[in-house]
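Down below is the structure, laid out as structure tokens.
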Ligand code: FE
Ligand code: FE
Ligand code: FE
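Numbering (our numbering), first residue to last: 33 to 195.
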């Protein structure tokens with residue numbers, strides 16, 4: 033597809049992010065299973081449910097853009113998830129694995145925050161209010177998840193320092 037306008041770019045990134053979210057729906061249950069801390073497990077499970085809703089939401093975005101709901105392979109998410117898989121397979125103590133899982137998950141959230149942040153800016157520029165609102169909902173969830181992961185990591189570090 034030839035990229036002529038910001039609108040074309042928007043559709044391209046929407047398809048990329050749709051694929052990214054779909055990959056995460058498959059990966060998050062494995063991350064939850066691999067986590068030892070109950071808080072971390074719960075954070076992954078909660079975000080799995082949010083991610084399923086985000087897939088639906090991105091479908092609505094593509095519809096609002098007048099496009100079919102079609103995904104395009106997100107190479108970056110494939111790489112980030114491959115790194116997460118390495119963490120799950122590594123020989124590590126539970127606390128160490130949890131720390132590595134949090135790091136891997138935050139890289140994912142930061143990729144998503146960058147993607148949705150960009151899309152929100154473009155939607156505002158294009159005057160696509162409905163699209164911006166839908167994307168803003170997802171962006172807020174990614175930011176909250178990132179913050180929660182930081183809190184879990186910091187709590188674990190403090191706990192280990194105290195013991
Ligand atoms: Fe997401
Ligand atoms: Fe991508
Ligand atoms: Fe996310």
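Note that the Cβ used here is the ideal one computed from N, Cα and C, for glycine as well. The structure displayed is predicted, hence computed values, not measured ones.
Do you know whose CA, among the options, lies nearest residue i's CA?
| i | options | result |
| --- | --- | --- |
| residue 124 | 66, 180, 153 | 66 |
| residue 94 | 72, 51, 114 | 51 |
| residue 64 | 103, 81, 40, 99 | 81 |
| residue 184 | 171, 131, 166, 145 | 131 |
| residue 42 | 104, 73, 62 | 104 |
| residue 148 | 180, 71, 34, 47 | 47 |
| residue 134 | 86, 187, 107, 89 | 187 |
| residue 40 | 97, 192, 61 | 97 |
| residue 176 | 160, 115, 78 | 78 |
| residue 62 | 73, 191, 45 | 73 |
| residue 191 | 76, 127, 161 | 127 |
| residue 116 | 180, 85, 76 | 76 |
| residue 164 | 90, 108, 181 | 90 |
Please work out which residues of its chain come closer than 7 Å, Cβ to Cβ, to residue i, disregarding the five sequence neighbours upstream and downstream, and give them in chain order.
| i | result |
| --- | --- |
| residue 168 | 152 |
Cβ of residue i within 7 Å of any heavy atom in ligand 2?
| i | result |
| --- | --- |
| residue 107 | yes |
| residue 44 | no |
| residue 52 | yes |
| residue 130 | no |
| residue 48 | yes |
Can you list, in chain order, the residues of its chain whose CB lies under 8 Å from that of residue i, leaving out five sequence neighbours each side?
| i | result |
| --- | --- |
| residue 38 | 154, 157, 158 |
| residue 112 | 136, 139, 140, 143 |
| residue 178 | 138, 141, 142, 145 |
| residue 92 | 166 |
Going by the C-beta, is residue i closer than 7 Å to any heavy atom of ligand 1?
| i | result |
| --- | --- |
| residue 121 | no |
| residue 144 | yes |
| residue 11 | Given a span of 33 to 195 for the chain in the structure shown, any question on residue 11 remains unanswerable. |
| residue 10 | A query on residue 10 cannot be resolved here, the shown segment of the chain reaching from 33 to 195 and no further. |
| residue 180 | no |
| residue 170 | yes |
Just to check, is the beta-carbon of residue i closer than 7 Å to a non-hydrogen atom of ligand 3?
| i | result |
| --- | --- |
| residue 177 | yes |
| residue 140 | yes |
| residue 83 | yes |
| residue 115 | no |
| residue 71 | no |
Grab me the residues of residue i's own chain with a C-beta within less than 6 Å of its C-beta, minus the 5 sequence neighbours each way, in chain order.
| i | result |
| --- | --- |
| residue 56 | 83 |
| residue 88 | none |
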